[in-house]
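Sequential numbering from 314 applies to the sequence shown in this note's numbering.
Quick reminder that beta carbons are idealized off the backbone N, C-alpha and C, glycines included.
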Amino acid sequence: MSATYRQHAPAKINLFLHVTGKRDDGYHLLESLVCFTEAGDVLNGELRDDGKITLAITGPMASPLSQAPAEDNLVIRAARLLQQEAQTTLGADLILDKRLPVASGIGGGSADAAATLRLLVDMWKLDLGTESLSRIALSLGADVPVCLNGKTTLMSGIGEKLNDFPELPSLPMVLINPGKPVSTPAIFKAREEDGFSDENLWDITAHYQSGAALAADLQECGNDLTLAATSILPEICDVLNALAREEGCLLARMSGSGATCFAIYDTTDQAEQAANTIASAHDDWWITPTQTLSEQASTLSNIGASFLD
Ligand code: C5P
């Protein structure tokens with residue numbers, strides 16, 4: 314029996330997201346504090362020696378991806394690009410367990426692409442160097458480098474400048490998606506008249522001992538894509554209100570270009586209670602209680618530990 318490799322693809326949460334400018338090529342300059350959650354997709358893979366790359370998609374969110382052309386899938390694109398750059402004749406049978414909603418602002422596709430790079434670097438025993446891998450990651454999407462980094466990061470540029478951030482306490486969270494995909498380019502286009510935030514508003518050296526202290530400082534920031542996203546999908550306001558109304562909520566905010574929103578709660582029990590209460594009133598929303606990954610857990614999920622048997 315051949316060995317199975319596994320990588321987790323944690324959801325990416327933009328604790329704040331400021332749009333600070335726009336490049337001549339149309340990409341926006343961002344500043345964002347990014348962390349990752351236990352909730353995520355899972356990628357499994359087995360080695361092939363004939364160079365072929367196959368992908369099967371399973372899990373509760375598989376359906377929209379299974380209907381799209383395989384060439385568009387970020388897992389396939391990441392695998393082919395890595396194969397080409399590394400000039401390897403090896404291939405892989407990949408299985409993506411899709412648990413995160415697609416096109417939803419928590420980096421599902423980017424997280425899957427990053428997990429693919431990590432898994433295949435390990436499986437194919439590649440020694441590409443961080444710079445080459447980061448370049449490959451960025452060419453797959455602006456959020457792929459931060460997902461490859463996999464730990465709490467202050468991200469800037471269009472997503473290529475990464476500063477590791479002092480470890481945060483694990484934050485009890487609820488993620489909610491109202492069940493409708495939103496297009497990232499459409500959101501950026503809709504905010505064209507909104508102007509830009511100042512740069513360097515966040516103290517890169519700050520240490521936080523509690524979720525409450527972090528949430529208090531996050532209240533001074535925001536997500537500059539929220540107004541545009543709610544103008545396209547007003548249901549996002551309902552999600553934010555539902556999260557904020559529950560006991561123990563320290564902060565409720567949209568992640569990325571939406572439509573997924575997150576809330577930080579004071580305790581794990583409060584997060585679970587909030588998820589249950591909201592789920593009882595909204596059976597068409599995707600609702601997940603989770604918590605952010607500590608540095609140790611994210612390192613384990615990202616590097617090594619991928620060889621299963
Ligand atoms: O890089 P990615 O494929 O995730 O970006 C999707 C689209 O989102 C881009 O084509 C662009 O319109 C917009 N975008 C942007 N500035 C960024 C990231 C994405 O304008 N920093």
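Which two residues bound the contiguous alpha helix (DSSP H) that contains M436?
421 to 436
Could you check if Y340 belongs to the surroundings of the ligand C5P, using beta carbon to heavy atom distance under 6 Å?
yes
Tell me Q586's beta-bridge partners as DSSP assigns them.
Answer is none; Q586 lacks a bridge partner.
Under three-state DSSP, which class holds H331?
strand
Selection from D507, I591, H595 that minimises the alpha carbon distance to H331:
D507
Q583 CB to nearest chain B CB: under 7 Å?
No chain B appears in the structure shown, which is made up of a single protein chain.
Does L559 come out as helix, strand or coil in the three-state DSSP assignment?
Note on identity: in this sequence residue 559 is Glu, with Leu being the wrong assignment. If DSSP states are grouped into helix, strand and coil, E559 belongs with coil.
Quick one, are the C-beta atoms of S607 and S483 less than 7 Å apart?
yes
Would you say T573 touches the ligand C5P, meaning its beta carbon is less than 6 Å from a heavy atom?
no
Below 8 Å, can you find three or more Cβ-Cβ pairs linking the region 460 to 467 to the region 414 to 430?
yes
Per DSSP, which residues does E344 bridge with? Please list them.
H331
Pairs of beta-carbons, one from the region 353 to 365 and one from the region 410 to 421, closer than 8 Å: are there three or more?
yes
Since I believe R566 is in contact with L540 (beta carbons under 8 Å), could you give me their beta-carbon distance rounded to a whole number of angstroms?
Rounded, the Cβ-Cβ distance is 13 Å, inconsistent with contact.
Find the nearest neighbour of Q320 within the set S496, S423, L432, P373, judged by alpha-carbon distance.
L432
At the level of alpha carbons, what is the spacing between I419 and G571?
8 Å
If I measure Cβ to Cβ from P493 and keep anything under 8 Å in the same chain, skipping five residues before and after, which residues do I get?
In the sequence as displayed, the identity of residue 493 is Lys instead of Pro. Closer than 8 Å at Cβ, skipping near neighbours: L546, E548, A572.
Taking DSSP's pairing of strands, which residues face S315 in a bridge?
Answer is none; S315 lacks a bridge partner.
Let's see if you can read the secondary structure: which residues bound the alpha helix (DSSP H) around A405?
Premise fails: A405 lies in the beta strand (DSSP E), 404 to 410, not in any alpha helix (DSSP H).
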